[in-house]
Amino acid sequence: MSLQFAKARITKTRTSVENIIDSTKGLLEPLRTPGAGEEAKEYLERRLTFVRQRLRRLNLAKKNMEEATEKLEAAFKELDGDSQRKEEESFNEYGGGATDEVIRIEELVGDLAEMEIQVLGELQTLQTQEEQREQQSHTPRRRSDQSQTSHPPLPSLQVPSFSGKTREWENFWQLFRYNIHDQPIPNVAKFN
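For the sequence shown, the residue numbers in the working numbering are 1 to 192.
If you want it as structure tokens, here you go:
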């Protein structure tokens, strides 16, 4: 593969990634759940679907960007010494820009994962409230005998995985530390 072709692929992939990133920002806006009941449930389910679709697109875009970067590196290594010196600045610019895009994607994936957890929590809260309403309508009211505190179960976290690539370690550790390590939960629960 020629270096020019690899550069063109990086440019095309970066443009695609930037479009995906720009169109994702709307999904990160705070939830505005309309009221309660079926309307709220439908809103949250739609939002969850959009977030999950965008997560898949971002992960695919990241994979494409990494592949394009690998092909650029391979094409650069195929050049002779003089050509490498001439193209070194251009190679660093393209490679650095691609790395920046991968980092932006990883940050956005983390933000979307947080949004997914938030939406799942809201859906769980709605479900718990509906179950409580149904239960109250079927049982006589005896508030003095019943405990009024209930804690809805938390949604399961999507734990990031580490593939063993050293360049992915920093992002993995940041996501893991934020989502798991720094959370005020018992250490035993962190392993489950």
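Heads up, the beta-carbon is just placed ideally off N, CA and C, and yes, glycines get one too.
Host alpha helix (DSSP H) of residue i (start-end)
| i | result |
| --- | --- |
| residue 211 | Only positions 1 to 192 of the chain appear in this structure, which leaves residue 211 out of reach. |
For residue i, three-class secondary structure by DSSP
| i | result |
| --- | --- |
| residue 132 | helix |
| residue 2 | coil |
| residue 175 | helix |
| residue 106 | helix |
| residue 163 | coil |
| residue 182 | coil |
| residue 31 | coil |
| residue 146 | The predicted position of residue 146 is uncertain, since its pLDDT is 49 and thus under 50; no value can be drawn from it. |
| residue 11 | helix |
| residue 19 | helix |
Selection from the options that minimises the alpha carbon distance to residue i
| i | options | result |
| --- | --- | --- |
| residue 21 | 176, 61, 37, 49 | 61 |
| residue 196 | 135, 119, 114 | In the structure as shown, the chain starts at 1 and stops at 192, and residue 196 therefore has no counterpart that could be examined. |
| residue 104 | 14, 4, 9 | 14 |
| residue 161 | 57, 132, 32, 110 | 110 |
| residue 97 | 81, 68, 86, 83 | 68 |
| residue 169 | 106, 130, 122 | 106 |
| residue 117 | 9, 4, 11, 48 | 48 |
| residue 163 | 63, 51, 5 | 63 |
The segment 65 to 85 contacting the segment 32 to 40, beta-carbon criterion three pairs below 8 Å: They do not touch, by the three-pair rule.
Any 3 or more C-beta pairs closer than 8 Å across the segment 88 to 95 and the segment 122 to 142: No, because fewer than three Cβ pairs between the segment 88 to 95 and the segment 122 to 142 fall closer than 8 Å, the two stretches do not touch.
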